[in-house]
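Taking this note's numbering, the leading residue of the sequence shown gets 2, the next gets one more, and so forth. Working notes for the structure below.
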Amino acid sequence: MIRDCMYIELKTGYSDDGPAWIGYVKTSKTRKTIYFNDHAFQKSIGSYSNYIDIENGDEYWISGLKKGESNRHWAGHGKIKIDRRAVAEYLALIGEKELPQNLFEVVEIEDRFPVERIHRLLNECGEDGSPSEEDETN
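Written out as structure tokens, the structure reads:
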């Protein structure tokens, strides 16, 4: 597992104004699966998203951090919640001494990476995410 600091924004039901976070994630080696805040996301191609929540199908935009404080889409609004532990790393990246209060809210984000739960879920399903034939009842 790889641990990175990334930008995560919920798109389902919100367009460009969804809740957004900057925090530490764990990723698979291929980055096709990302774990964050008790969720697991799988690489996908959507209209305005690039990952889906494996358990509920919600669409998210997940990316590395940008240097110009422009992580949110230009049409988006709302403060980005940033993990307290990620503030120093983010400030160093953007070359600033403090976070703009109008753009960010510093929060505690617990390290909850549901790797085992998701592995069990995916093993119960076939390759396409549907129940395997032996799990289906007639």
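Beta carbons are placed, not taken as given, at the ideal position from N, Cα and C, and that holds for glycine.
query: Near residue 17, what residues of its chain come up, given a Cβ to Cβ distance below 6 Å and the 5 sequence neighbours on each side ignored?
result: 74, 76, 77
task: Could you pull the start and end residues of the alpha helix (DSSP H) that residue 89 belongs to?
output: 88-95
Straight-line Cα distance separating residue 47 from residue 19: 16 Å
field: Nearest neighbour of residue 175, chosen from 126, 59, 116, 22 [CA to CA]
entry: Residue 175 lies beyond the stretch modelled for the chain, which goes from 2 to 139, so this question has no answer here.
field: Whole-angstrom distance between residue 63 and residue 94, CA atom to CA atom
entry: 18 Å
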